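Notes follow once the structure below has been shown.
There are 2 protein chains.
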Amino acid sequence: MADAASPKTDSSKYPMPFTRIEVVLMTLVDGNLAVLLARRAQAPYAGKWALPGGVLRIDLDGSLEEAAARVVRERLATDLPDLKQLCAVGGPTRDPRAPWGLSIVYRALSLSGSTLPTAGKRIEELRWAPVESLAKGISLAFDHNTLVARATDAMREDVEEHDLPYGLLPAHFTLTELQQTCEAVLGHALDKSSFRRRLNDRDLLEPVDGEKRGGAFRPAQLYQRRARLRSLR
Amino acid sequence: MADAASPKTDSSKYPMPFTRIEVVLMTLVDGNLAVLLARRAQAPYAGKWALPGGVLRIDLDGSLEEAAARVVRERLATDLPDLKQLCAVGGPTRDPRAPWGLSIVYRALSLSGSTLPTAGKRIEELRWAPVESLAKGISLAFDHNTLVARATDAMREDVEEHDLPYGLLPAHFTLTELQQTCEAVLGHALDKSSFRRRLNDRDLLEPVDGEKRGGAFRPAQLYQRRARLRSLR
DNA sequence: ATAGTTCGTTGCACATAACTACTAAGACTT
DNA sequence: AAGTCTTAGTAGTTATGTGCAACGAACTAT
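Listed in order, the protein sequences are those of chains A and B.
Taking my numbering, I'd label the letters of the first sequence as residues 34 to 266.
Taking my numbering, I'd label the letters of the second sequence as residues 34 to 266.
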């Protein structure tokens, strides 16, 4: 801090940016990482696909996380865990509706194979788009292609660092399901024994005792994430 | 996106947050990672130490990065490279001067052992504080203790991922200097041969040919960072 | 029973890292 | 000029982690 010249008029002295929340909601569709897109009804970029988002409401939101949760709820009529802040972007040409646009971007995860979220208020049409199709080809409104790319990268880095995408899975899952999910996120295959060894060594999971599951053939042990001890801070 | 109900009055329809930039400027002081603090002259938190920062000026700043660069320039009378966005934090109780405060936090690096930056406009007093002393003990204004902790963590993660803190070093440096810098950031010793092998394997550096340097005893080869090929995106 | 499929584990070759020890090069002392 | 002090830089050895392949276990279907 350190600005102190002006008494208490600071908040009204300067015009403030038009501040929004954007959400990169990811899931797996047929084993491919996909993001949720919403079709824009109005200008700018009318008719184009874009990330769902909404204006920051300082009268409603107690924090940025709450704002993101509210946007998801209003737009998609769902509650989603695993919200994670990705980045903030801003500039004078970001949004034609205002002289200076600022967006705080969040990433969220949705259970793989879940149905399309209900279109909430002010949503025209929703659609899952594989991130691959966005990387090369389909162009989104604003800089949303870049944001999706950043979200995808962040997601992969997380998985590589054993910050597993539990949000894509039900609370209880088999190791094979977990592995397939990670493979889908990363975009390449993983070795079974190495994968399991890593999980074991790091105590990331704990078995859900007694329970098993299997449509056919040998049933698999179910696991759940172990409460991660981030310990001190 | 997807809000479209209102024509073009969006930017004036909702009150916007009081948006600031905060800077966690880090350097090494006597081999310890330290952050720059500025003493607050006015309320809130008058007399307390806090991170330097400033209001986002939508009339001056072409982007958040530019805003951070401007804040550093104005407050500290220096230009600094290696600006990196850390996170955004916001909420109604963040800043008593406004109903809702939003801060975009940047991390910057300053050459180790450099003198205290000149106090720029509206700065009372500056001081380097070892991050260790902040982790347990000294309490800063706002949530700045948390921000420093996050910056420190991010810094350590970067170094572990071989994203080396070049900003703390001059353009040309010896491998020993680099290693000592990394050790100071991480807070523990590193093995010399492993460290060098890693650097070599990853082609992170290139020797500055001919040049060497040494106050006494055997001179060491100087190196500089090799332009990192982030290639496609 | 037997075949078929998935689960889960083990053994081993290989790569990568940490740890120890060594040689090399210059400065200073005598 | 020789010795030694200190730091630079390199091996070589041991531990650890990963990738690959194979195997027995568990269950279904026929």
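Built from N, CA and C at the ideal position, the CB exists for glycine as well.
Owing to the predicted nature of the structure, the values given are computational and were not obtained by experimental measurement.
Residues of chain A with CB closer than 8 Å to the CB of residue i, please, in chain order.
i: B:A52; result: Residue identity differs from the one stated: residue 52 of chain B is Thr in this sequence, not Ala. Near B:T52 (Cβ distances below 8 Å), the residues of chain A are M49, P50, T52 and L135.
i: B:G91; result: In the sequence as displayed, the identity of residue 91 of chain B is Ile instead of Gly. What B:I91 touches in chain A: Y47, P48, M49, P50, P125, P132 and W133.
i: B:V56; result: What B:V56 touches in chain A: nothing, since even the nearest Cβ is about 10 Å away.
Does DSSP put residue i in a helix, in a strand, or in coil?
i: A:G86; result: strand
i: A:L70; result: strand
i: A:T148; result: coil
i: B:S136; result: strand
i: A:D242; result: strand
i: B:F250; result: coil
i: A:T185; result: helix
i: A:F228; result: helix
i: B:A141; result: strand
i: B:K117; result: strand
i: B:L167; result: helix
i: B:R130; result: coil
i: A:R108; result: helix
i: A:A101; result: helix
i: A:R235; result: helix
i: B:L180; result: helix
i: A:P40; result: In this prediction, A:P40 has a pLDDT of 43, which is less than 50 and means its spatial position is unreliable; nothing more can be read from the coordinates.
i: A:L265; result: At A:L265, the pLDDT of 37 sits below 50, so the modelled position is not reliable; the number obtained from the coordinates is stated separately. Looking at A:L265 - three-state DSSP - the assignment turns out to be coil, as it is neither helix nor strand.
i: A:M34; result: Unreliable positioning characterises A:M34 in this predicted model, as indicated by a pLDDT of 43, which lies under 50. The coordinate reading is nonetheless provided below. Three-state DSSP puts A:M34 in coil, outside helix and strand.
For residue i and residue j, which I take to be in contact (beta-carbon distance under 8 Å), what is that distance rounded to the nearest angstrom?
i: B:D112; j: B:R106; result: 6 Å
i: B:L66; j: B:T185; result: 7 Å
i: A:D236; j: A:R259; result: 6 Å
i: B:L219; j: B:L211; result: The pair is not a contact, with the Cβ atoms about 12 Å apart (cut-off 8 Å).
i: B:R229; j: B:L208; result: 6 Å
i: A:I171; j: A:A71; result: 14 Å between Cβ atoms; not a contact.
i: B:A187; j: B:L255; result: At roughly 28 Å, the Cβ-Cβ gap does not stay under 8 Å, so B:A187 and B:L255 are not in contact.
i: A:G134; j: A:P50; result: 6 Å
Going straight from the alpha carbon of residue i to that of residue j, what length do you get?
i: B:P77; j: B:L109; result: 21 Å
i: B:D176; j: A:A168; result: 38 Å
i: A:L173; j: A:K117; result: 22 Å
i: A:E98; j: A:R90; result: 12 Å
i: B:L58; j: B:L84; result: 8 Å
i: B:R160; j: B:H221; result: 25 Å
i: A:L142; j: B:A74; result: 44 Å
i: A:R130; j: B:P48; result: 15 Å
i: A:S136; j: A:D242; result: 44 Å
i: B:R251; j: B:L223; result: 21 Å
i: B:P132; j: A:L93; result: 12 Å
i: A:L238; j: A:H205; result: 10 Å
i: B:K8; j: B:R53; result: An answer regarding residue 8 of chain B cannot be provided, because it is not within the stretch 34 to 266 covered by chain B.
i: A:D128; j: B:V56; result: 26 Å
i: B:Y199; j: B:G146; result: 14 Å
i: B:V122; j: B:Y139; result: 11 Å
i: B:R183; j: A:A249; result: 47 Å
i: A:G87; j: A:L144; result: 22 Å
i: A:Q213; j: B:E216; result: 38 Å
i: B:G124; j: A:D63; result: 39 Å
i: A:A162; j: A:V68; result: 5 Å
i: A:L61; j: A:R246; result: 21 Å
i: A:S227; j: A:A152; result: 41 Å
i: A:E165; j: A:V181; result: 10 Å
i: B:E194; j: A:K46; result: 43 Å
i: A:A253; j: A:E244; result: 9 Å
i: B:P7; j: A:T126; result: Outside the modelled stretch of chain B, which goes from 34 to 266, sits residue 7 of chain B, for which no answer is possible.
i: A:A100; j: B:N233; result: 46 Å
i: A:D191; j: B:E190; result: 12 Å
i: B:S96; j: A:K225; result: 45 Å
Would the beta-carbon of residue i be found less than 6 Å away from any heavy atom of the ligand ATP?
i: A:P132; result: Within the structure as shown, the ligand ATP is missing, as the structure has no ligands at all.
Run through chain B and tell me which residues come within less than 8 Å of residue i, C-beta to C-beta.
i: A:L97; result: A121, V122, G123, G124 and L135
i: A:Q118; result: C120 and A121
i: A:V181; result: By Cβ distance, chain B contributes nothing, its closest Cβ being about 12 Å from A:V181, past 8 Å.
I want to verify the contact list: residues of chain A whose CB lies under 9 Å from the CB of residue i, in sequence order.
i: B:Q212; result: The premise fails here: B:Q212 is roughly 24 Å from chain A at the closest Cβ pair, so nothing lies under 9 Å.
What does residue i reach in chain B if we use C-beta pairs closer than 7 Å?
i: A:V68; result: What A:V68 touches in chain B: nothing, since even the nearest Cβ is about 14 Å away.
i: A:V105; result: By Cβ distance, chain B contributes nothing, its closest Cβ being about 12 Å from A:V105, past 7 Å.
i: A:M164; result: Note on residue identity: the sequence assigns Val, not Met, to residue 164 of chain A. The contacting residues do not exist; A:V164 stays about 13 Å from chain B at best.
Mind pulling the chain B residues with CB within less than 9 Å of residue i?
i: A:V218; result: None at all; the shortest Cβ gap to chain B is about 18 Å.
Output, in chain order, the set of chain A residues within a Cβ distance shorter than 7 Å of residue i.
i: B:V192; result: Those within 7 Å of B:V192 in chain A number zero; the least Cβ separation is about 15 Å.
(request) Return the chain-ordered ranges of every alpha helix (DSSP H) run that is complete within the region 188-224 of chain A and spans a minimum of 4 residues. (result) 208-219
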